[in-house]
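Colleague:
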Amino acid sequence: MKLLISSTLASSLLLLFLSAELFGVSNADEYHHISQHNARSKNQRNRAVTEDAAYWKSTAQSLLQAELNKKPIEAQAKNIIFFLGDGMSIATVTAARIYKGQKAGKTGEEEQLTFDKFPYSALSRTYCTDAQVADSACTATAYLCGVKTDIDTLGLDNNVVYKDCSTQNVAANRVSSIMAWAQDANKGTGIVTTTKVTHATPAGTYAHVANRDWEDDYAQSFDGVDTATCDDIAEQLVFNNPGKNFKVILGGGRSYFMPNTTTDIETGAKGRRRDGKNLIDEWKSAHPTGKYMTSRDDLLNLDVAGTDAILGLFSPAHMEYFLESSTANNPTLENMTRTAIQMLQKETNGYVLLVEGGRIDQAHHDGRAKLALEEALQFDLAVAAALEMTSTDDTLIIVTADHSHTFTINGYPDRGNNLLGLSGDMGEDDKPYTTLSYANGPGYNTTFANGERIDLTNVDTTADSYLQPSAVPIGSETHGGDDVAIFAIGPQAHLFQGVYEQHYIAHVMAYAACVGDGLKFCDAKSSSSRHGAVPLIMLVQFVLVWFAGRLLFRS
Ligand SMILES: *[C@@H]1O[C@H](CO)[C@@H](O)[C@H](O)[C@H]1NC(C)=O
Ligand SMILES: *[C@@H]1O[C@H](CO)[C@@H](O)[C@H](O)[C@H]1NC(C)=O
Ligand SMILES: *[C@@H]1O[C@H](CO)[C@@H](O)[C@H](O)[C@H]1NC(C)=O
Ligand SMILES: [Zn+2]
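The sequence shown runs -28 to -1, 1 to 527 under mature numbering (1 follows the signal peptide of the UniProt record, and there is no 0).
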């Protein structure tokens, strides 16, 4: 009996092994497979009639089969594309997927974002060394440099003293980023963002500052900093390693690179810099075969093959919200991501690219959920473009957020209820409330008047300009301290299956790409193939003996 069980078990294992080898579903197939289920729920409104037991059983069985067929990609990541949705909390991901579905005429809840379909996901704990609820600077230092640090500081460990430039200039306090490690391995590097390229997230790849606000010398002057000895963020991007070597820099923030004696090409406003430095000209002279760009047409008409490096500054400050972006001057995040990848695909040793959907966060700060969700959908399109342009065999794509927000999806709205609408229920004050709201923020004023909750019955809560309700009056809604998600596909993506400290992410990227000074897949591979040989031979022997046994002793 025991023999029978073990031989049955062994034969099922073998069959499973063989079928996985022969009929193994690649990630691309898996992808397709899952999206077809969504097609079924198309056009179902409120009461989803085809969602009976047979439907749920078959969807779950397909998911289970896909999971059983899933195999980690044990290869080196030649390329890494790291997508950072700033402030893209888990509630934001859920809401974006419902919103995406509803925009396509579906109920929405069943919709999937591109990265929802990635094979591996995990949670990231975002607190910083001195903060329960983090900001984008200390978190960027964690996921890009692999070290947690103090809030509002970048590229330094927590020996930094906030706003004390002398601690910024101590070499021992400085931590380097995945971009520096990639450059040491002769990989191409680049950054793309919808915010200023000097803002905290992109600056995390190249800057070391005791205050994230020191984006130029003018900003530094408010803190009484000696701008001659204390490099601001824009200067560090143009003059220092690793920023000066970036092949791609795309985003906003033009005025931080321009002296106050020059005028902006779009707005005619003066530059911000007080030190007389024209950092755009400095970049141009350091990159004679590079191209400086200021418009969407510049970007789309770029001679990729004939251009060695690009600096695209499409706005004097942050780029406009997608929903409010009126002029042809503004490429979308997808447009920028595509060009960035085309540029970096010329690199023979591969590349590391950061793409930030930076204004998801800012729309939340403004208490404007619809804008935040539109930004999240643009972010998703950029992820889809990257997936389409690369191979999961050699490119690790990670999608995550730096921190959460106070944003919630609440009440008991019906299936398919307009996500931006009223939840369908009343508060104890007999007034309706919205499905989306914030714990704090500027929406306080649209929530309360004269000490009472405002009646929203005839208010268009779906308007672009609507501020979702908040309980605490704060001009800028705050971040949240809950975990954020990590989604991954490609080589070593399977190292994201758990609840991790955020700084782990940088170490996984370095391991996968075989860069930096920690553990590397390439080292692990050469040692495991030496030591792994014996167990493999034993396994082959076992299978042969077992086969022979089955043939000889069949009863
Ligand atoms: C430009 O900056 C210089 C140096 O701080 C200052 O003297 C000058 O008034 C500024 N000009 C404008 C137009 O802001
Ligand atoms: C620019 O991006 C948008 C999506 O945001 C897309 O619809 C459009 O086709 C892109 N344009 C080009 C030329 O790639
Ligand atoms: C809310 O309304 C008050 C009173 O009108 C005003 O002083 C305050 O600035 C408003 N807050 C926001 C965030 O709009
Ligand atoms: Zn923020």
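By construction, the Cβ of each residue, glycine as well, lies at the ideal position given by its N, Cα and C atoms. Fair warning: this is a prediction, and the values are worked out from it, not measured in the lab.
Considering just the uninterrupted stretch of the beta strand (DSSP E) at residue 397, what are its terminal residues?
Modeller: Looking at the DSSP string, the run of the beta strand (DSSP E) that includes residue 397 is 394 to 398.
Colleague: Quick check on residue 332: does DSSP put it in helix, strand or coil?
Modeller: In this structure, residue 332 counts as helix in the three-state DSSP scheme.
Colleague: Please check if any C-beta of chain B sits within less than 7 Å of the C-beta of residue 206.
Modeller: The displayed structure is made up of one protein chain only, and chain B is not part of it.
Colleague: Check whether the Cβ of residue 246 sits closer than 6 Å to any heavy atom of ligand 1, and report yes or no.
Modeller: Checking every heavy atom of ligand 1 against the Cβ of residue 246, one is found closer than 6 Å.
Colleague: Does DSSP classify residue 493 as helix, strand or coil?
Modeller: Of the three classes helix, strand and coil, the one that applies to residue 493 here is helix, per DSSP.
Colleague: Per DSSP, what kind of secondary structure is residue 428 in: helix, strand or coil?
Modeller: In the structure shown, residue 428 sits in coil (DSSP, three-state: anything other than H, G, I, E or B).
Colleague: Out of 353, 52, 468, point me to the one whose CA is closest to residue 363's CA.
Modeller: It is 52.
Colleague: Touch check for the region 74 to 86 and the region 436 to 454: three-plus C-beta pairs under 8 Å?
Modeller: Verdict: no, contact absent.
Colleague: Which same chain residues, not among the five before or five after residue 467, have their C-beta less than 6 Å away from its C-beta?
Modeller: So the qualifying residues of the chain are 480.
Colleague: Less than 6 Å between the CB of residue 59 and some heavy atom of ligand 4, yes or no?
Modeller: Flag set: Cβ of residue 59 near ligand 4.
Colleague: Please name the residue in 219, 223, 252 whose C-alpha comes closest to that of residue 234.
Modeller: Of the listed residues, the one whose Cα sits closest to residue 234 is 252.
Colleague: Per DSSP, residue 445 is paired with what?
Modeller: The partner list for residue 445 (beta bridge, DSSP) reads 413.
Colleague: Consider the C-beta atom of residue 417 and the heavy atoms of ligand 1; say whether any pair is separated by less than 6 Å.
Modeller: Checking every heavy atom of ligand 1 against the Cβ of residue 417, none is found closer than 6 Å.
Colleague: Can you confirm whether the region 48 to 63 touches the region 315 to 327 when touching is taken to mean that 3 or more C-beta pairs between the two stretches lie within less than 8 Å?
Modeller: Taking 8 Å as the limit for Cβ pairs, the verdict is that the region 48 to 63 does touch the region 315 to 327.
Colleague: Tell me which residue opens and which closes the alpha helix (DSSP H) that residue 252 is part of.
Modeller: Segment 251 to 258, the alpha helix (DSSP H) holding residue 252.
Colleague: Closest to residue 88 by C-alpha separation, out of 451, 484, 23, 355, would be which residue?
Modeller: Taking only the C-alpha atoms, the option nearest residue 88 is 355.
Colleague: Taking only three categories from DSSP, how would you classify residue 231?
Modeller: Strand.
Colleague: Considering just the uninterrupted stretch of the alpha helix (DSSP H) at residue 51, what are its terminal residues?
Modeller: Segment 51 to 57 is the beta strand (DSSP E) holding residue 51; no alpha helix (DSSP H) there.
Colleague: Can you say whether residue 484 is buried or exposed, counting buried as having 16 or more other CB atoms within 10 angstroms of its CB?
Modeller: Buried, because 16 or more other Cβ atoms sit within 10 Å of the Cβ of residue 484.
Colleague: Compute the Euclidean distance between the alpha carbons of residue 399 and residue 405, then round it to the nearest angstrom.
Modeller: If you take the alpha carbons of residue 399 and residue 405, they lie about 7 Å apart.
Colleague: Can you list, in chain order, every residue whose CB sits closer than 6 Å to a heavy atom of ligand 2?
Modeller: Matched residues: 272, 304, 306, 307, 310, 350, 353.
Colleague: Just to check, is the beta-carbon of residue 333 closer than 6 Å to a non-hydrogen atom of ligand 4?
Modeller: Residue 333 Cβ: within cutoff of ligand 4.
Colleague: Regarding residue 321 and ligand 1, is the C-beta to nearest heavy atom distance less than 6 Å?
Modeller: No, since every heavy atom of ligand 1 falls outside the 6 Å radius drawn around the Cβ of residue 321.
Colleague: Who are the near neighbours of residue 179 in its chain, counting only those whose CB is closer than 6 Å to its CB and skipping five residues on each side?
Modeller: Result list for residue 179: 126, 127, 205, 208, in chain order.
Colleague: Verify whether the separation of the beta carbon atoms of residue 222 and residue 315 is less than 7 Å.
Modeller: It is not a contact, given that the beta carbons lie outside the stated cut-off.
Colleague: Beta-carbon within less than 6 Å of residue 416's beta-carbon, same chain only, minus the 5 sequence neighbours each way: which residues are those?
Modeller: Closer than 6 Å at Cβ, skipping near neighbours: 442, 445.
Colleague: Does ligand 1 have even one heavy atom less than 6 Å from the beta-carbon of residue 232?
Modeller: Yes, the beta carbon of residue 232 sits closer than 6 Å to at least one heavy atom of ligand 1.
Colleague: Between the region 112 to 120 and the region 460 to 476, do three or more beta carbon pairs fall short of 8 Å?
Modeller: Yes: at least three Cβ pairs fall under 8 Å.
Colleague: If you draw a straight line from the alpha carbon of residue 171 to that of residue 259, how long is it in whole angstroms?
Modeller: So the alpha carbons of these two residues sit roughly 23 Å apart.
Colleague: Rounded to the nearest angstrom, what separates residue 149 and residue 250 at their Cα positions?
Modeller: Going by the C-alpha atoms only, they are around 26 Å apart.
Colleague: Are there 16 or more other CB atoms within 10 angstroms of the CB of residue 37, so buried, or fewer, so exposed?
Modeller: That one is exposed.
Colleague: Name the DSSP beta bridge partners of residue 406, please?
Modeller: 394.
Colleague: Judging by CA-CA distance, which residue of 297, 203, 450, 99 is the nearest neighbour of residue 409?
Modeller: Of the candidates 297, 203, 450, 99, the one whose C-alpha sits nearest the C-alpha of residue 409 is 450.
Colleague: Applying the criterion that 16 or more other CB atoms from any shown protein chain within 10 Å of the CB defines a buried residue, is residue 359 buried or exposed?
Modeller: The residue is buried, with at least 16 neighbouring Cβ atoms inside 10 Å.
Colleague: Could you check the C-alpha separation between residue 459 and residue 293 for me, to the nearest Å?
Modeller: Between residue 459 and residue 293, the C-alpha separation is close to 24 Å.
Colleague: Among the residues of its own chain, which have a CB less than 6 Å from the CB of residue 413, if the five just before and after it don't count?
Modeller: Cβ neighbours of residue 413 beyond the five flanking positions: 339, 442, 446, 449.
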